[in-house]
Amino acid sequence: MDFNAQRHTAVKSLRPSEAGEEQTVAAEQADAAASAQANQIHSEYLSSDRSIHIPAHTRISLGTYFNAFPASYWRANTAVDTVRLTARTTGPAKILVYRSTARGTSNRVITLDMDGTEQHTDLPLTSFGDGGWYWIDVVTSKAAVELAYAEWSVPEPEGFTPGTVSVAITTFNRPDFCVRNLKTLGEADALADVVDRFIMTDQGTEKVRDEPGYDEVVEILGDKLVHIEQGNLGGSGGFARGMYEATMDGTSRYVMLLDDDVDVHSESIRRAARFADFTRHKTIVGGHMFNLYEKSVIHSFGERVNEYRFMWGSAEGVREAHDFAASNLRVTPWMHRRIDVDYNGWWMCLIPTDIIREIGLALPVFIKWDDAEFGLRAKKAGYDTVSLPGVAVWHMPWTEKDDTIDWQAYYHARNRWLAALLYSPYSKGGRLPKESLLTDVRHLVSMQYSAAELRAMALEDLLEGPEHLHRTIGTKLPEVRSTRGSFSDAQVKKDLSAFPTVRRSKPLPHGEEPHPPKSRIGRAAKLLSGAVHQVLPVKADESDHPESRIPAMNLQWWRMATLDSALVSSADGSGASWYKRDDATFKRMMQRSLALHQRLYRDWDKLAEQYRAALPEFTSPEAWAQTFAENGPKK
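Okay, here's the thing in structure tokens:
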């Protein structure tokens, strides 16, 4: 087939309005100087969402996260071997096309002399094995010009049929976000032929149907809206419902899981779906996460699971919280290497429904590790996950809070152990048992008795076996919250005058605040001394008032281990809680933790066999359907 006669699918429309990365430099400057030029945001140049007004004698680069073409991801995951750039300006201008390598070096590959008509050029993808992007710069001369539009497109193979998407949003008491996102996406022309259903699972007590603007959403979406109300089964239960509805209906090729509290653009959904259409094999396609509060900061660029520690985190080579306002794509070498991942967070994740039919729905764990586990399960079944640049949402980053010490401590502990039992390739879980025990010790020497208690509850439940997962998913949270609330370190008061005056009974050693240990031996010695301090009886004059005021950002175990009590600020700054040392509680909880970890280590092989054998059953549509039926909506 003649290539130029072949149909192309637009996979990326350039959007100058996104991410605020536009740059200007004098047209006569050298390319290298242009690429290194300090950022200057020129939002006044934007004439629409897809067009940009460029003054005379100006050079502007669209080598940005949302506008550049991630060539290496297409090269690695699709059979596409060329990409077409199509653009039109309103007058004379030059479009300079650049490419980069995996090392982040770049060079110009072609120059288009624009004359006010549409032009295109076909660019090869054959040399992007390990990394690299394409992008354009636009240069004007004597007259101002508008870049009317530009897009990247790829040739359609014979018999190509694009897939459609069910967007599955799970929400809990965020009706305003939910209504806003549904309205925005429902009105987006770009999604008219992409999204065939919006599945909204409302698990809260503040109902979406009662939110102002909901009736307008119903009118806009019509029969595309599937509105479900059920009991609170957490993120995993809400997303499992979306998966269930999308696979049972059988219309959509994909289901996109989307958090309720995000800012998302329709273009990102379209890009994810079109990339998935062209992958060689069925592939999970995820979006990156930008910081909702610092719009130019990309918080998560790719996630892996360290199988020895069995802990999730950024993939190798990724730098967290990268600020494009300080360093744009063109001058950020690490971002030009392709980042391969184990999973994608479910703030935005497109999953082929056929994969769900084969490997099952979400893990019934309420919250935490459900997205990572699903990615590992898919990987084991032979399916890749791609976190695709240019596809993203804005979401509150997890660095804004420490949820390992609130009610979520239970789910962090149980679900990390559960995922390790299912997938760890190391004997007895590798380093996980040691890390888990040390985490308990750090909580205990920090007087975080509530977190230690919840972690013990988690391990006890895990030892029950797989049958507890569905049985407790709808009922465990109230028990967890009640248990946590019985400890003073979890009792936040907004009025600080409700606490006794902060007063030290004895001076600081050498008059200095504690310093972080600098070596492994130093950490071990500090932890041991903290444990010894914890078992000493508490004197009466040391328990009737806090002896220090600790900001949330300074809540480190090596600092807390030296204290008998402290007034600790909450992570959101809304109040504080009183941490109190209790030698009897420390001894009891330490003995319990040791016993539980001993038992888990001893029974590892048996537990792993039980959970692995039961995985197909407790992730099955039938098991989830029963759980949905047993957990109706709360009034």
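Residue numbers (our numbering): 372 to 1006.
Beta carbons are placed, not taken as given, at the ideal position from N, Cα and C, and that holds for glycine.
**Opposing strand residues paired with residue 662 [DSSP bridges]** = In the DSSP assignment, the residues bridged to residue 662 are 766.
**Item:** Chain-order list of residues whose beta-carbon lies under 6 Å from that of residue 315 (same chain, five-residue window excluded)
**Value:** Not covered by the structure: residue 315. The range shown for the chain is 372 to 1006.
**Prompt:** Can you round the beta-carbon distance between residue 797 and residue 678 to whole angstroms, since I take them to be within the 8 Å contact cut?
**Reply:** In this structure residue 797 touches residue 678 by the C-beta definition: roughly 7 Å separates them, less than 8 Å.
**Prompt:** In this structure, does DSSP put residue 624 in helix, strand or coil?
**Reply:** Coil at residue 624, not helix or strand.
**Prompt:** Excluding sequence positions up to five away, which residues of its chain have a Cβ less than 6 Å from the Cβ of residue 767?
**Reply:** Sequence-distant Cβ neighbours of residue 767 in its own chain, meaning closer than 6 Å and more than five residues away, are 663.
**Item:** Buried or exposed by the 16-neighbour rule on C-beta atoms within 10 Å, applied to residue 779
**Value:** Residue 779 comes out buried.
**residue 805 versus residue 912 - alpha carbon distance** = The straight-line gap from Cα to Cα measures roughly 36 Å.
**Message:** So, for residue 840: in the same chain, excluding its five sequence neighbours on each side, which residues have a beta-carbon less than 6 Å away from its beta-carbon?
**Reply:** If we look at residue 840 and ignore the five residues flanking it on each side, its Cβ neighbours are 735 and 989.
**Touch test, the region 493–503 against the region 611–631, Cβ-Cβ under 8 Å, three pairs minimum** = Under the three-pair Cβ rule at 8 Å, the region 493–503 does not count as touching the region 611–631.
**Request:** Tell me residue 951's beta-bridge partners as DSSP assigns them.
**Result:** In DSSP, residue 951 forms a bridge with 936.
**Cα-Cα separation, residue 826 to residue 567** = Whole-angstrom Cα-Cα distance: 42 Å.
**Request:** Report the residue ranges of all alpha helix (DSSP H) runs contained in full by the region 743–826; include only those spanning at least 4 residues, in chain order.
**Result:** Fully enclosed alpha helix (DSSP H) runs of 4 or longer: 780–794 and 803–816.
**Host alpha helix (DSSP H) of residue 924 (start-end)** = Neither: residue 924 is in no alpha helix (DSSP H) and is coded neither H nor E.
**Item:** Those residues which DSSP pairs with residue 569 across a bridge
**Value:** According to DSSP, residue 569 bridges with 538 and 596.
**Request:** Look up residue 868 in the DSSP assignment and say whether it is helix, strand or coil.
**Result:** Reduced to three states, the DSSP call for residue 868 is helix.
**Item:** Three-state secondary structure (DSSP) of residue 405
**Value:** Bear in mind that a pLDDT of 39 at residue 405, under 50, signals an unreliable position, so the model cannot answer this.
**Prompt:** I think residue 851 touches residue 932, with their Cβ atoms under 8 Å apart; what is that distance to the nearest whole Å?
**Reply:** 26 Å between Cβ atoms; not a contact.
**Item:** Inter-stretch contact at 8 Å, needing at least 3 Cβ pairs: the region 495–515 / the region 458–474
**Value:** As far as the Cβ criterion goes, the region 495–515 touches the region 458–474, which means the pair count is three or higher.
**Bridge partners - residue 617, DSSP secondary structure assignment** = Residue 617 is not bridged to any residue.
**Request:** Select from 535, 951 and 579 the residue whose C-alpha is nearest the C-alpha of residue 624.
**Result:** For residue 624, the nearest C-alpha among the options comes from 535.
**Request:** Quick one: give me the first and last residue of the beta strand (DSSP E) that residue 671 is part of.
**Result:** Residue 671 -> beta strand (DSSP E) spans 668–671.
**Asked** If you check the beta carbons only, do residue 425 and residue 550 fall under 8 Å apart?
**Response** No, Cβ-Cβ distance for residue 425 and residue 550 is not below 8 Å.
**Message:** Let's see if you can read the secondary structure: which residues bound the beta strand (DSSP E) around residue 458?
**Reply:** Unbroken beta strand (DSSP E) run through residue 458: 453–460.
**For residue 450 and residue 529, the rounded distance between their alpha carbons** = Distance between residue 529 and residue 450, taken at the CA atoms: about 13 Å.
**Asked** Within this structure, are the beta carbons of residue 334 and residue 480 separated by less than 8 Å?
**Response** This structure cannot settle anything about residue 334, because the visible part of the chain is limited to 372 through 1006.
**Asked** In the structure shown, what three-state DSSP assignment does residue 858 receive?
**Response** When secondary structure is reduced to three states using DSSP, residue 858 falls in the coil class, being assigned neither helix nor strand.
**Request:** For the beta strand (DSSP E) holding residue 721, just list the boundary residues, first then last.
**Result:** Counting along the chain, the unbroken beta strand (DSSP E) around residue 721 starts and ends at 719–723.
**Prompt:** For the putative contact between residue 914 and residue 936, defined by C-beta atoms under 8 Å, what is the C-beta separation to the nearest angstrom?
**Reply:** About 7 Å separates the Cβ atoms of residue 914 and residue 936, confirming a contact at the 8 Å cut-off.
**Prompt:** So is residue 401 buried or exposed if we call it buried at 16+ other beta carbons inside 10 Å?
**Reply:** Because residue 401 carries a pLDDT of 36, less than 50, the predicted location of this residue cannot be relied on, and the following value inherits that uncertainty. When all chains shown are included, residue 401 counts as exposed.
**Request:** Have a look at the DSSP bridge pairing and note the partners of residue 677.
**Result:** 682.
**Request:** Kindly indicate which three-state DSSP category residue 988 falls into: helix, strand or coil?
**Result:** Of the three classes helix, strand and coil, the one that applies to residue 988 here is helix, per DSSP.
**Asked** Does the beta-carbon distance from residue 521 to residue 442 come in below 8 Å?
**Response** Not in contact: residue 521 and residue 442 (Cβ atoms no closer than 8 Å).
**Message:** Strictly by DSSP, which residues pair up with residue 490?
**Reply:** For residue 490, which the question treats as bridged, DSSP gives the partners 458.
**Asked** Which whole-angstrom value describes the C-beta separation of residue 669 and residue 693, a residue pair presumed to lie in contact below a C-beta threshold of 8 Å?
**Response** Yes, they are in contact, since the Cβ atoms of residue 669 and residue 693 sit about 5 Å apart, within 8 Å.
**Message:** Which residues does DSSP list as the beta-bridge partners of residue 517?
**Reply:** According to DSSP, residue 517 bridges with 424.
**Message:** Counting C-beta neighbours from all protein chains within 10 Å, is the total for residue 546 16 or more, i.e. buried, or is it exposed?
**Reply:** Result: buried.
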